[in-house]
DNA sequence: TTTAGCACTCTAAGATTGCGAGTGCTAATT
DNA sequence: AATTAGCACTCGCAATCTTAGAGTGCTAAA
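Protein chains in written order, with my numbering: chain A, 171 to 519; chain B, 171 to 519.
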C-alpha cells in the first residue's frame, strides 16, 4: 500500500494543491504541466496523476474535470511539501501592538482569539485548559447563600475569579465560613491548582484526625469546590471568535453542513476534546478534514499551537477554517501568535 | 391613505395570512375563495385583493403568482385578526416540569431560553436588564490584585455573583480593603442595586466630611464598581439559545442574510437595544420584520413579553424567528412562559 | 519512459418548449 | 351597484435539448 512517491510526483502534488487552494477549481493536466516548471507534457502529467489517484492523494469530481486533493493529499502537502512564508516585520510589529496583556485572562484570551480571526479571516480560538498547572491559588472565600448552598469564590493567578456554588449538609454562619476560609487560605494560598486538586487535599484529609470539627468540614467543602470543575470541562475556558466568517466560504455554503458546524460550536464539547489532544504535541499541529473522526468538521481544518511559559503548556490556540485554506500563511500566523502569547504571559507573570 | 378596510376584506386577509403561514406559498384567488368560507367567487376575491394590495397589505412576487402578506399585512393580522389558541393543559404541565428555579440567575435564564427555543423551534432569548430594581445587594468584598487593580465581588440576590476589576490610585493592603468593605457592607447590604447606584452613594458622599480618610476612599471605590456596569449593557445578562434552528428556515437560506443575523447575535448590542424598548410595554409585544429599523431582522419577527414580580418588570423574554411564523401558537407560549417565570421568581424570592 | 493524437465523457450554460397557476379586464347577471 | 363568468394574457417553473469546453484514458509512435 505504502508505495513510494517519486520526487516528480511530489512536485506535481505540491503544485496541484497550491493551485487548487488558490483557485478552488479542479486542476487539469495541461495547467499542471505548464505551472509545474518541470517541462513535461500534459500526457505525462496525466500518467502521474493516475498514480497519485491510485495512492489516494487526489481525486476527480467527475470524469472530465481536473483533480483535487483528497484529505490524504492535503496531509502529505502540509507534512512534507509545504513551504511556509514567514511573516513580514511589519505584520509582527502590528501583532505586538494588538496583543497586550491587559485585563483578565478571559479578556486576554478573547482579544487573541479575535486577532487570529482577523488575520486569517477564519474563526479563531483560544483554550485555557483547566488542568493548566500554572494557575496558583491566591485566595479562597465562602459566602452563605439561601438554603444550604454556599458560594465559593476562588481568586486565581492575580487575575481571574471563579465562582462555584456548593451544597452542604446544614446551614453555616458567616463566622463559621470565615473560619473555614481562613484555615484553607493558610494551607492553600500560593499552591498550584493542580497540586491542590491532586495531592494537597488528600494529604490534609489524611492528617485530619488531629483537627477540629470545623477544619474537617472546611476540607470537605474544598473538595467539592476543586472537584466540581474538573469533572466537566468548564465552558468558560474556551473562546471562539469570528465564526460567522466561515459563512463566507463556498465549501460551507451548504446550509446543512453549516448548521452542524455551528451546533458543534455551541456545544463546544467535541471541539474541546479535539483540542485536548493537541496538548501533548508541541509546535503547530494540524487537523485535516475528518481526520479527527469528528464528522461536522468534514470540510474543515484546524491549525493549532500550544503556548507555554517555562516549558509548561498553558493552553492551546489556533484557527478553524475550510480545508482549502492558505496553510503557508495560516501556519506562521498561528505559530507566531502562540509565541507572542507565551512571551506576553511570561512577562506579566 | 387610511382608507377603511371592510369586514370582508379583513376576513380575506386573515385567511390569506393563515394560509401563507401554513404553506409558505403565495395564495391565489381561487384557493382563497374556497377556504374563506365566504361563498364568493374567485373574481370577487380578486377585486378585494387588488384593494388590499393598494393599501399595502399584500403583494405578489410576480404577475401570475398569488398574494403574500407584506409586513404591514402581518401587522394588521397580529393586531386585530389573530385568534390565538391557548396551550393545552398538558403543555402547561410539561412546562411546569421544565422550568425549575434551580441554580443561579444565569442558569435559570439559560434553561428558560432553551425551553422557549424547543417549544417554538426557533431561537429563544431571555434578558435580565441591569436596571432591574429587584436585585438587592447581599455582600461586597474587595481583594487586591497585582498593580493597582482591585477585584470587587458583589453578591446579589442570594444567587448571583458579579466580579468587577477597578483601578485605584495606590496599593492597598488586605487589611485596608477589609475595612473599606466592612464599612460599605454596613451601609449598603440589603439595599436595592438601583437605589445604591442612584441615591445612596450620592448621599454618602455628601455626608463624607465627618468620615475618616479610609471611608472616603471606600466610597470612591464603590462608585467605580457600581457605575461601570451601568454604562455599557453588560453581555452577561442576555441569553440566546437555539440560534441554529433558524438555519432550518427557507426564508433564511440566503447565506448573506444568515450571516448578518448571526453577526447581530454575536454583537448582541443591537438586539439588546430593541429589547430595551419592550421594557415599557406590558403583555406580549411583537416586532415584525424591519419595523425595528434594524435591517438584519428583515425577514424575522420577535415575540417578546416582560416578566415581573410585584408589578416590577424584571426582564424580557421571547423568541426570534422568521416573519412567517405560527403566531397563534408562539404568542401563547411566550405569554405563558413569562407568567410561569414571574411565578417561579415570586416563589423563590 | 515520454509524448502526440484521438475518441470519449461529462458538465455547465443557454435556448426552447409546454404547462399550470393566477391575474386583470370586460361584459353579463343579479 | 355589487357580483360573477369568461377570456386573453403573463409569468415562472420544470423538462428537454443543444452546444462548447475542458479534461480524461488509451494506444501507438518516438
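Heads up, the beta-carbon is just placed ideally off N, CA and C, and yes, glycines get one too.
Quiz prompt | Under 9 Å from the C-beta of residue 429 of chain B: neighbouring residues of chain A | solution = Among the residues of chain A, those whose CB is under 9 Å from the CB of residue 429 of chain B are 414, 415, 417, 418, following chain order.
Quiz item: Tell me which same chain residues have a C-beta within less than 8 Å of the C-beta of residue 284 of chain A, skipping the five on either side of it?
Solution: Around residue 284 of chain A, the same chain offers 294, 411, 412 as residues with beta carbons nearer than 8 Å, after the five sequence neighbours per side are excluded.
Practice problem: Compare the Cα-Cα distances from residue 296 of chain B to each of B:442, B:495, B:429 and report the closest residue. | Solution: The option with the nearest alpha carbon to residue 296 of chain B is B:442.
Quiz prompt | Bridge-paired residues (DSSP) for residue 478 of chain A | solution = Paired residues: A:483.
Exercise. State yes or no: is the beta carbon of residue 395 of chain B nearer than 7 Å to at least one beta carbon in chain A?
Key: Cβ-Cβ to chain A under 7 Å: no for residue 395 of chain B.
Practice problem: Would you kindly report the start and end of the unbroken beta strand (DSSP E) that includes residue 411 of chain B? | Solution: Per DSSP, residue 411 of chain B belongs to the beta strand (DSSP E) from 408-411.
Exercise. Within 10 angstroms of the Cβ of residue 235 of chain B, are there 16 or more other Cβ atoms? Answer buried if so, exposed if not.
Key: Classified as exposed, residue 235 of chain B has fewer than 16 neighbouring CB atoms from the shown chains inside 10 Å of its CB.
Quiz item: Exposed or buried, residue 340 of chain B, counting other C-beta atoms within 10 Å across all chains shown (16 or more means buried)?
Solution: When all chains shown are included, residue 340 of chain B counts as exposed.
Quiz item: Would you report the Cα separation of residue 517 of chain B and residue 305 of chain B, rounded to the nearest angstrom?
Solution: It is roughly 15 Å from the alpha-carbon of residue 517 of chain B to the alpha-carbon of residue 305 of chain B.
Practice problem: Specify the secondary structure class of residue 340 of chain A as computed by DSSP and reduced to three states. | Solution: Secondary structure of residue 340 of chain A (DSSP, three-state): coil.
Self-check item: Environment of residue 263 of chain B [buried if 16+ CB atoms lie within 10 Å]
Solution: Around the CB of residue 263 of chain B, fewer than 16 other CB atoms lie within 10 Å, so the residue is classed as exposed.
Quiz item: How would you call residue 188 of chain A, buried or exposed, if buried means at least 16 neighbouring beta carbons within 10 angstroms?
Solution: With 16 or more neighbouring CB atoms inside 10 Å of its own CB, residue 188 of chain A falls in the buried class.
Quiz item: What residues in its chain sit with their C-beta under 7 Å from that of residue 421 of chain A, if we drop five residues either side in the sequence?
Solution: Result list for residue 421 of chain A: 469, 492, 494, in chain order.
Quiz prompt | Cutoff 6 Å; reference residue 311 of chain A; Cβ partners in own chain excluding five residues on either side | solution = A distance below 6 Å between beta-carbons, with the five flanking residues on each side excluded, links residue 311 of chain A to the following residues of its chain, in chain order: 323, 351.
Quiz item: Leaving out five residues before and five after residue 453 of chain A in sequence, what residues of the same chain have Cβ atoms less than 7 Å from its Cβ?
Solution: Taken in chain order, the residues that qualify are 475.
Quiz item: residue 514 of chain B to residue 252 of chain B, Cα distance in whole Å?
Solution: Spanning the alpha carbons of residue 514 of chain B and residue 252 of chain B requires a straight line of approximately 29 Å.
Quiz prompt | chain A residues whose Cβ lies nearer than 7 Å to that of residue 333 of chain B | solution = Under the 7 Å cutoff, chain A gives 331.
Quiz item: Counting contacts by CB-CB distance shorter than 7 Å, is residue 309 of chain A in contact with chain B?
Solution: The beta carbon of residue 309 of chain A sits closer than 7 Å to some beta carbon of chain B.
Quiz item: Three-state secondary structure (DSSP) at residue 357 of chain A?
Solution: Residue state, collapsed to three classes: helix.
Practice problem: Alpha carbon to alpha carbon, how far is residue 229 of chain A from residue 199 of chain A? Give it in angstroms, no decimals. | Solution: Residue 199 of chain A and residue 229 of chain A have their C-alpha atoms roughly 13 Å apart.
Quiz item: Hey, is residue 268 of chain A close to the ligand MG, as in C-beta under 6 Å from one of its heavy atoms?
Solution: Among the ligands in the structure shown, none appear at all, so the ligand MG cannot be discussed.
Quiz item: Just to confirm, are residue 255 of chain A and residue 498 of chain A a CB contact at a threshold of 7 Å?
Solution: Yes, Cβ-Cβ distance for residue 255 of chain A and residue 498 of chain A is below 7 Å.
Quiz item: In terms of residue numbering, what span does the alpha helix (DSSP H) encompassing residue 213 of chain A cover?
Solution: Its alpha helix (DSSP H) spans residues 212-224.
Quiz item: So is residue 423 of chain B in contact with chain A if we call contact Cβ pairs under 7 Å?
Solution: At least one C-beta of chain A is nearer than 7 Å to the C-beta of residue 423 of chain B.
Quiz item: So, helix, strand or coil for residue 468 of chain B, using DSSP?
Solution: Three-state result, residue 468 of chain B: coil.
Quiz item: Ordered along the chain, which non-local residues of its own chain (more than five positions away) have a Cβ less than 7 Å from that of residue 325 of chain A?
Solution: Once the five neighbours on either side are set aside, the close Cβ partners of residue 325 of chain A are 308, 309, 331.
Exercise. Please go through the same chain and pick out, in chain order, the residues whose beta-carbon is closer than 8 Å to the beta-carbon of residue 405 of chain B, but skip the five residues on each side of it.
Key: Its pLDDT being 43, under 50, residue 405 of chain B is placed unreliably by the model, and the measurement read from it follows with that caveat. By the criterion of a C-beta distance shorter than 8 Å, residue 405 of chain B is surrounded in its chain by 438, once the five residues flanking it on both sides are discounted.
Quiz item: Looking only at DSSP bridge pairs, what is residue 313 of chain A linked to?
Solution: Partner residues in the beta bridge of residue 313 of chain A, as assigned by DSSP, are A:321.
Self-check item: Contacting residues, own chain, Cβ-Cβ under 7 Å from residue 387 of chain B (five flanking each side not counted)
Solution: If we look at residue 387 of chain B and ignore the five residues flanking it on each side, its Cβ neighbours are 350.
Quiz item: Cβ atoms of residue 489 of chain A and residue 225 of chain A: under 7 Å apart, would you say?
Solution: Against a cut-off of 7 Å, the Cβ pair of residue 489 of chain A and residue 225 of chain A comes out as no contact.
Practice problem: Locate the alpha helix (DSSP H) running through residue 254 of chain A, then write down its first and last residues. | Solution: Run containing residue 254 of chain A: none; DSSP gives neither H nor E here.
Quiz item: By how many angstroms is the C-alpha of residue 408 of chain B removed from the C-alpha of residue 196 of chain B?
Solution: Roughly 37 Å between the two C-alpha positions.
Quiz item: Taking Cβ positions only, does residue 320 of chain A come closer than 7 Å to chain B?
Solution: No, residue 320 of chain A lies away from the interface with chain B (no Cβ there is under 7 Å from its Cβ).
Exercise. State the start and end residues of the unbroken alpha helix (DSSP H) segment that holds residue 457 of chain B.
Key: No alpha helix (DSSP H) holds residue 457 of chain B; the beta strand (DSSP E) holding it covers 454-458.
Quiz prompt | Separation of residue 218 of chain B from residue 179 of chain B, as counted between CA atoms | solution = Going from the Cα of residue 179 of chain B to the Cα of residue 218 of chain B covers about 6 Å.
Quiz item: Ends of the beta strand (DSSP E) at residue 296 of chain B?
Solution: Looking at the DSSP string, the run of the beta strand (DSSP E) that includes residue 296 of chain B is 293-297.
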